[in-house]
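Order-wise, the sequence lines are chains L and D. Numbering follows my numbering, with no gaps: position 249 of the first sequence is 249. Numbering follows my numbering, with no gaps: position 142 of the second sequence is 142. For every residue, glycine included, the Cβ atom is placed at its ideal position computed from N, Cα and C. Reviewing the structure listed below.
Protein chains: 2
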Amino acid sequence: MDDKIQKQRLQKLRDTMRKTNTDLVAVGPGAHMQYLLGFHPHADERPCLLLIALSGEVFLIPSINAQGSRTKTDVAFQIWGDDEGPNTALKNALLSINADEAKNIVLDETMRADFALLLLEYLPKTKHRFTLDTLGAARMLKGEDEIALLKENALIADRAMLAGFEAIKPGMREIEIYEVIKNQFSSEGAPIEFGIVGGGPNGAFPHHQTGERIIQNGDAVVVDIGGRKNGYPSDITRMAIIGTAPDGYEEVHAIVEAAVVAAMQTARPGVRASEVDAAARNVISDAGFGEFFVHRTGHGMGIDIHEHPYITATSETILQSGMVFSIEPGIYLPGRFGIRLEEIVVLRDDGPEVFSQLPRTAYLVNG
Amino acid sequence: MDDKIQKQRLQKLRDTMRKTNTDLVAVGPGAHMQYLLGFHPHADERPCLLLIALSGEVFLIPSINAQGSRTKTDVAFQIWGDDEGPNTALKNALLSINADEAKNIVLDETMRADFALLLLEYLPKTKHRFTLDTLGAARMLKGEDEIALLKENALIADRAMLAGFEAIKPGMREIEIYEVIKNQFSSEGAPIEFGIVGGGPNGAFPHHQTGERIIQNGDAVVVDIGGRKNGYPSDITRMAIIGTAPDGYEEVHAIVEAAVVAAMQTARPGVRASEVDAAARNVISDAGFGEFFVHRTGHGMGIDIHEHPYITATSETILQSGMVFSIEPGIYLPGRFGIRLEEIVVLRDDGPEVFSQLPRTAYLVNG
């Protein structure tokens, strides 16, 4: 990563630390670190933490990863070897940035439990929270560079979706459709990250594990896919119908579509995330399907497929221009079918800009 | 997973809990859960914990994953929805197994920090530690079924290593050799998990990120690879020489080989893991290269590529028959080359049985 971007992002983080009276932010080898430094060392059981105080930052790093990481960042290292363990190096790291008596700290919520509890041992009087109002807040507001990458990925996902749809035939197994989608992603240099192909009753499991079930005439098929390119992911859900739609399908599809539209019309800068969730949920509840919309309306997306802001019934987050998130209501009818329609949007001053160019109508396959 | 195996493993875990006076073991959606239940729900930011007390077990599970998981286990569920959050369900879960006043608990060290700290909020007076003497101890002792799978994977890795070696030509990029290895793994139904191809000076970074460097005459090339099949991984490191070996290569290779042999001869049931580390380390130190052996001698391997027992300078673990671990000393000479030789072994009553059938001599490629 460009040195300038690295400095800007650390600066942006420190602004949020000052506003929230935070003494220390501790980050493990994952997406938060990727955002701040443009890389992270190999993540394993060896404690590895980027520690950021107001006055400076330091890297607690296992010696096995030190040399390789040295070529990628100028942050000061406190290196520890397998023979001694991390304790002395951690102590010295905290001292080196005057954080050994930090009172208010923020932990990367995704780091391993043993990393977090090791750090808390050395800061027993501290109050901890997670990244929502510091690093999470900084990451929520995307730069135009990030938005451009997310948009490019969304169009790749559109083509992967179409490739999958064009391949579907009754008699195929879910996993075979997944393979077609995976290959299309690969051919564009965007390895697949996940792919749910849920046919018929399997579509009623929101996190169905794509498997051996054979697609048949009368199936509604949920396809929820994403790949990754240039460090950023994609995520889209669309529906396909094989031959004749199952009983009641059109009605339920129209309700989910109306829920998407209601969420889109509500999402504006200054609005609470929970209001967007309510907009989608009310449409579905008013239509009598409230109990079958079993998840939140959406999630933020950046380096992580799921990150802040979460679009939930209880989220207090105020939406702002530059935030990127999914709008993905669904209705899941056990034993029958499921319907989910998912868009990734970037919030602009006048409302959401949708990345995908695919219609949300069901793709029709000859039965 | 077979119900019988699931019951046996929970039983084995509870035996270790009784011995260590443990009231509660908390496990996130990862390898520990895979070991106990034969599956784990999709892991994301939604708190998901298997809670095991002496008297019973319960699953704190997000509603989005509940239906899909219900088909895979009979453990009682405490389900929570995105609209309410996990707090009430967690409280009820702890009550349901009489663990709301647990005094001594064990946390899955790999779970997310926010999962662990959420649980600790509800058990403020508890003492916590990680899994080394309970679940980790149970997992260290492999069944013959697990050993057979690890052995099968090791032979697949042998063939992937050979495929890579046979493909190497001066002028190729590291990443191209990686691709050959990856394809060989795939062709045997064992997707690659990691692959380090470090040529020339890159070999001196133990965790080198395979890249664009061109393999050239005079390179020593470190190849450290692993795939996964039937839920279990492989891990092996061998060396290739392109044309003429770099100055000093043969001497250093012989020292690393002697360190492997010394560790093998020391590893016996009843011996401390630290003694095996010392055996390898002493050979290298006595030869004057101690400062260039920058990591531990090995790590356990099972469902996780890295798990207990760790073969380190400070490990108090007493080795037992049925443990599977790596022996992988290395010498890394910055700017010149690195050498690592890695075997995976299962410890038997009379010493280590090596899985790989590949010699540890360097593979010679025409320059």
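According to DSSP, which residues form a beta bridge with residue i?
i: Phe130/L; result: The partner list for Phe130/L (beta bridge, DSSP) is empty, contrary to what the question assumes.
i: Phe26/L; result: A quick correction: the sequence has Ala, not Phe, at residue 26/L. Ala26/L is bridged to Leu51/L and Leu107/L.
i: Lys374/L; result: Nothing can be reported for residue 374/L, as the shown portion of chain L is limited to 1 through 367.
i: Thr237/L; result: Asp224/L and Glu342/L
i: Ile214/D; result: Arg173/D
i: Arg281/L; result: In the DSSP output, where bridge partners are listed per residue, Arg281/L has none listed.
i: Gly38/L; result: Per DSSP, none; premise fails for Gly38/L.
i: Gln78/D; result: Leu60/D
i: Pro352/L; result: Leu347/L
i: Ile331/L; result: Ile339/L
i: Arg112/L; result: Arg112/D
i: Val261/L; result: BP columns for Val261/L are empty, so no partner.
i: Tyr363/L; result: Ala240/L
i: Ser326/D; result: Ile344/D
Indicate the three-state DSSP secondary structure (helix, strand or coil) for residue i in the structure shown.
i: Asp224/L; result: strand
i: Gln209/L; result: coil
i: Phe165/D; result: helix
i: Thr88/D; result: helix
i: Gly199/D; result: strand
i: Arg296/D; result: coil
i: Leu347/L; result: strand
i: Ser380/D; result: Outside the modelled stretch of chain D, which goes from 1 to 367, sits residue 380/D, for which no answer is possible.
i: Phe289/L; result: coil
i: Ser315/L; result: coil
i: Gln357/D; result: coil
i: Glu307/D; result: strand
i: Ile61/L; result: strand
i: Leu123/D; result: coil
i: Leu94/D; result: helix
i: Glu144/L; result: helix
i: Arg268/D; result: coil
i: Glu193/L; result: strand
i: Ser321/L; result: coil
i: Asn21/D; result: coil
i: Arg14/L; result: helix
i: Asp83/D; result: coil
i: Met1/L; result: coil
Ordered along the chain, which non-local residues of its own chain (more than five positions away) have a Cβ less than 6 Å from that of residue i?
i: Thr16/D; result: Thr134, Ala137 and Ala138
i: Val346/L; result: Ile147, Val324 and Glu353
i: His32/D; result: Asp108 and Leu135
i: Arg46/L; result: Pro62
i: Asn230/D; result: Leu149
i: Ala279/L; result: Ala262, Ala263 and Thr266
i: Gly322/L; result: Leu141 and Lys142
Spatial neighbours of residue i within its chain, please: C-beta separation below 7 Å, excluding the five flanking residues on both sides.
i: Pro191/L; result: Phe185, Gly227 and Arg228
Ordered along the chain, which non-local residues of its own chain (more than five positions away) have a Cβ less than 8 Å from that of residue i?
i: Ile236/L; result: Ala154, Ala157, Asp158, Met161, Asp224, Ile225, Gly226, Glu342, Glu343, Ile344, Ser356 and Leu358
i: Gly351/L; result: Met264, Gln265, Ala267 and Arg268
i: Arg70/L; result: Phe77
i: Lys103/L; result: Asp23, Lys125, Thr126 and Lys127
If distances are taken between C-alpha atoms only, which option among the options comes closest to residue i?
i: Gly143/L; options: Val27/L, Ile5/L, Val25/L and His42/L; result: Ile5/L
i: Leu150/L; options: Ser234/L, Gly290/L and Tyr332/L; result: Ser234/L
i: Phe373/D; options: Gln209/L, Arg268/L and Ser63/L; result: The displayed coordinates of chain D run from 1 to 367. Any statement about residue 373/D would go beyond what the structure contains.
i: Asn87/D; options: Cys48/D, Gly56/D, Ala53/D and Gly68/D; result: Cys48/D
i: Arg173/D; options: Arg213/D, Ile181/D, Ser187/D and Pro206/D; result: Arg213/D
i: Met111/L; options: Lys72/L, Asp44/L and Lys103/L; result: Asp44/L
i: Ile327/L; options: Tyr122/L, Val276/L and Thr131/L; result: Val276/L
i: Lys125/L; options: Asp23/L, Met140/L, Ser63/L and Val75/L; result: Asp23/L
i: Lys12/D; options: Leu36/D, Asn21/D and Met1/D; result: Leu36/D
i: Glu176/L; options: Ala163/L, Gly203/L and Gly218/L; result: Ala163/L
i: Ala254/D; options: Arg46/D, Gly330/D, Thr20/D and Asp2/D; result: Gly330/D
i: Glu152/L; options: Ala313/L, Gly302/L and Pro309/L; result: Gly302/L
i: Arg129/L; options: Val106/L, Ala280/L and Arg272/L; result: Val106/L
i: Ile318/L; options: Arg272/L, Gly56/L, Gln67/L and Ala278/L; result: Arg272/L
i: Ala204/L; options: Leu132/L, Pro334/L, Asp100/L and Thr297/L; result: Pro334/L
i: Ile79/L; options: Leu50/L, Ala99/L, Glu101/L and Phe337/L; result: Leu50/L
i: Thr131/L; options: Glu316/L, His308/L, Asp349/L and Gly338/L; result: His308/L
i: Ile64/L; options: His42/L, Thr73/L and Val58/L; result: His42/L
i: Asp3/L; options: Asn21/L, Val58/L, Lys19/L and Lys72/L; result: Lys72/L
Taking only beta-carbon positions, decide if residue i is within less than 7 Å of chain C.
i: Leu107/L; result: Protein chains L and D are contained in the structure displayed, whereas chain C is not.
*Okay, do the region 107 to 119 of chain L and the region 293 to 300 of chain L touch, 3+ Cβ pairs below 8 Å being the bar?*
no
*Does the pairing of the region 191 to 204 of chain L with the region 21 to 39 of chain D give three or more beta-carbon distances under 8 Å?*
no
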